[in-house]
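Taking it in order: structure first as structure tokens, then the write-up.
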Amino acid sequence: MTAIVGAGNRSVVYSKYALQHPDRMRIVAVADPDDVRRRGFAQRFEIPAKHCFGSADELTIYR
1 MTAIVGAGNR SVVYSKYALQ HPDRMRIVAV ADPDDVRRRG FAQRFEIPAK
51 HCFGSADELT IYR
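Its first residue numbered 1, the sequence shown is counted upward by one per residue in my numbering.
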């Protein structure tokens, strides 16, 4: 499973699962309006800058 998550409270649950089961879930992008949370989350999961977005709208128009 490939997952895209925000960097808020819900991401804590998903990211724990992704870390415990990397064969089942991989976090490939993050969308969050909070720059500090977004950057921290991206660093933790080695998400490249091109896959970091400030909003869900930005993420949905990305190709």
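All C-beta atoms, glycine included, are put in the ideal place defined by N, C-alpha and C.
Anticipated Cβ contact below 8 Å, residue i with residue j, distance rounded
i, j, result
"Arg38", "Asp32", "4 Å"
Identity of the residue in the options nearest residue i by Cα
i, options, result
"Glu46", "Leu59, Thr60 and Val30", "Val30"
"Asp35", "Ile27, Tyr17, Ala49 and Arg26", "Ala49"
"Gly8", "Tyr62, Leu19, Ala42 and Thr60", "Ala42"
Residue environment, residue i, which counts as buried when at least 16 other CB atoms sit within 10 Å
i, result
"Ser55", "exposed"
"Gly6", "buried"
"Ile27", "buried"
Residue interval of the beta strand (DSSP E) (run including residue i)
i, result
"Ile27", "Arg26 to Ala31"
Boundaries of the alpha helix (DSSP H) in which residue i is found, first to last residue
i, result
"Ser11", "Asn9 to Gln20"
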